[in-house]
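Numbering (my numbering), first residue to last: 1 to 154. Here is the structure we will look at, set down as structure tokens.
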Amino acid sequence: MSAVEEKIATLGLKLPQVVPPLASYQPAVRSGAYVHTSGQLPMVDGALPATGKVGAEVSAEQAKELAATCALNALAAVKSVVGDLDRIQRVVKVVGFVASAPDFTGQPGVLNGASELLGEILGDKGVHARSAVGVAVLPLDSPVEVEIQVEIAE
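Printed below as a string of structure tokens:
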């Protein structure tokens, strides 16, 4: 087990299997020293634990937890391409989408779930640039979706 996976375990979490694509794409692709993940939904054992809009059917706190699940799924996608999460040099960028009720403006707080988890797992290597975007709807009526870009050591 890699040091990163050991850290995940000490947080009481488990690196999941890669979520199979829902359409015609790959969960992650490597280009040079970078791995770019596709948008990851908060799937757990093949299902979404919640659906709906944040600020309506889903609370901001619940959505923050779902964003952390998305980040964990993104790390699984990275591992599927590079084999060993210890090769991560740094998380470069996180992009998150929040299916938002019309009056919900807390997208950055929701995406903190992903950012904070990456920081807990990777320390300084988890510090990244980020975009948090509110949208009308996401695939499968997911409340959140997160993609990451990471730099990999050769």
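C-beta atoms are modelled at their ideal positions from N, C-alpha and C, and glycine is treated no differently. These figures come from a predicted structure and were not determined experimentally.
Using a Cβ-Cβ cutoff of less than 7 Å, which residues in the same chain neighbour residue i once the five nearest sequence positions on both sides are dropped?
i	result
V58	A50, G52, P143
Does DSSP put residue i in a helix, a strand or coil?
i	result
V78	helix
K53	coil
V37	Per the sequence shown, residue 37 should be read as Thr rather than Val. DSSP places T37 in strand when its eight states are reduced to three.
Q107	helix
E151	strand
V58	strand
A23	coil
Buried or exposed, going by whether 16 or more other CB atoms sit within 10 Å of the CB of residue i?
i	result
G113	buried
T69	buried
G83	exposed
Would you say residue i faces chain B, with C-beta separation under 7 Å as the test?
i	result
V58	The structure shown contains no chain B; it holds only a single protein chain.
Sort out for me which residues DSSP pairs residue i with in a bridge.
i	result
F97	V133, E145
S31	Y34
A3	Paired residue(s): none; A3 is not in a bridge.
A47	V44
Less than 6 Å between C-beta atoms, sequence neighbours within five positions excluded: which residues of the same chain meet that for residue i?
i	result
V81	A28, R30, V35
A123	At residue 123 the sequence reads Gly, which differs from the Ala that was named. Counting only Cβ-Cβ distances below 6 Å, and skipping sequence neighbours, we find nothing.
A132	G96, Q107, P108, L111
A129	K93
L66	P42, P143, V144
Can you give me the Cβ contacts of residue i inside the same chain, cut-off strictly under 8 Å, excluding the 5 residues immediately before and after it?
i	result
L72	I8, L13, L15, P16, L117
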